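In this note's numbering, each residue's number is its place in the sequence shown (first place is 1) plus 8.
Glycine included, every Cβ here is placed at the ideal spot set by N, Cα and C.
Predicted, not measured: the structure shown is a model, and the values here were computed from it.
What follows is a single structure, written as structure tokens, with notes after it.
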Amino acid sequence: MAGRIPLVLLACVSFNPITHQHMELFELARDHMHQTGLYRVAGGIVSPVGDDYGKQGLVASKHRLAMSRLALQSSDWVSIDDWESQQEDWRETVYCSPTVVPQLKLLCGADFMDTFKVPGLVGRFELVCVSRGSLQPDRAIHESDLLSRHWRSICLVREWVHNEISATEVRRALWRGQSVKYLLPDSVIDYIREHKTEQRR
């Protein structure tokens, strides 16, 4: 890895709750970036969005942070950053110039690509986007004039073993009292059970 560009992968989504699929994104992205021969992934950062993000059913950030910490106890390279979730108002992710060492790239799944169709976001951020099941980021790029203009800033990673875990479906199952065993880390399931009577924001 000597002589390679140090790289940090940053994921800024709701993590509502964090799932095995969220954690797998980091592993897939790190393997891919190492295989390019250009980068050495120095770390990964989970940064849950703030409470004012405006997503329906968004659990309070203190719970999303706690669940993320529990889920990532087994990781020796991905950590939690609470800056974004602690802001009183929702803030756009802070941009870091690609000339800064280590480089910072935003990590996302293909289901998140629509977010980057907003003018002003794509082009300022370098992305690492992982396919998710039938969702292929190259198709989203092809169908968007904005994304296609900035295709050089988007690194596409293929998910070879399809993982269809969806935080939305996990929340639905929890609401209906159905099992989410093996979809979430056991520590996160235990946390949800312990705090299920607390009100959402």
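For residue i, collect the residues of the same chain with a Cβ closer than 7 Å to its Cβ; drop the 5 residues on either side in sequence, then sort them by chain order.
| i | result |
| --- | --- |
| P110 | P14, L15, V16 and A50 |
| M9 | R48 |
| Y103 | Note on Y103: pLDDT 44, under 50, position unreliable in the model; the coordinate value appears next. Answer for Y103: R132 and F133, listed in chain order. |
Given a cut-off of 8 Å, decide if residue j and residue i are closer than it, judged by their beta-carbon atoms.
| i | j | result |
| --- | --- | --- |
| R72 | P56 | yes |
| L164 | D146 | yes |
| L36 | R12 | no |
| E4 | S139 | Coverage of the chain is limited to positions 9 through 209, which leaves residue 4 absent and any answer about it impossible. |
| V196 | L78 | yes |
| F120 | V188 | no |
My understanding is that residue i touches residue j, with C-beta atoms under 8 Å, so please give their C-beta distance in whole angstroms.
| i | j | result |
| --- | --- | --- |
| V178 | T44 | The pair is not a contact, with the Cβ atoms about 32 Å apart (cut-off 8 Å). |
| G117 | S93 | Between S93 and G117 the Cβ distance is about 19 Å, and since that is not below 8 Å, they are no contact. |
When you compare each of the options to residue i by their alpha carbons, which one comes out closest?
| i | options | result |
| --- | --- | --- |
| A19 | I88, R132 and V165 | I88 |
| S76 | R160, I53 and K63 | I53 |
| Q95 | A68, G185 and K113 | A68 |
| R184 | L155, K204, A148 and L112 | K204 |
| L66 | R180, R157 and M31 | R180 |
| E202 | I149, M31 and A74 | A74 |
Where residue i and residue j are concerned, what is the direct C-alpha to C-alpha distance, given to the nearest angstrom?
| i | j | result |
| --- | --- | --- |
| E151 | Q144 | 11 Å |
| H42 | V136 | 13 Å |
| N24 | W91 | 17 Å |
| S105 | Q64 | Low confidence applies here, because S105 scores a pLDDT of 44, under 50, leaving its location unreliable; read the following figure in that light. So the two alpha carbons sit approximately 32 Å from each other. |
| L114 | A175 | 19 Å |
| S84 | S161 | A small correction: the amino acid at residue 84 is Asp; Ser does not occupy that position in the sequence shown. Between D84 and S161, the C-alpha separation is close to 28 Å. |
| L282 | Q29 | The displayed coordinates of the chain run from 9 to 209. Any statement about residue 282 would go beyond what the structure contains. |
| R112 | V86 | One detail in the question is off: residue 112 reads as Leu in this sequence, not Arg. Their Cα atoms are separated by approximately 14 Å. |
| P182 | L192 | Just to set this straight, residue 182 is Leu in the shown sequence, not Pro. L182 and L192: Cα-Cα distance of roughly 11 Å. |
| S82 | M31 | 10 Å |
| R157 | I149 | 9 Å |
| K70 | D194 | 19 Å |
| W159 | Y190 | 35 Å |
Here's a check: name, in chain order, each residue in its chain whose Cβ is nearer than 6 Å to the Cβ of residue i, leaving out the five neighbours to either side.
| i | result |
| --- | --- |
| I200 | none |
| H40 | V165 |
| Q186 | none |
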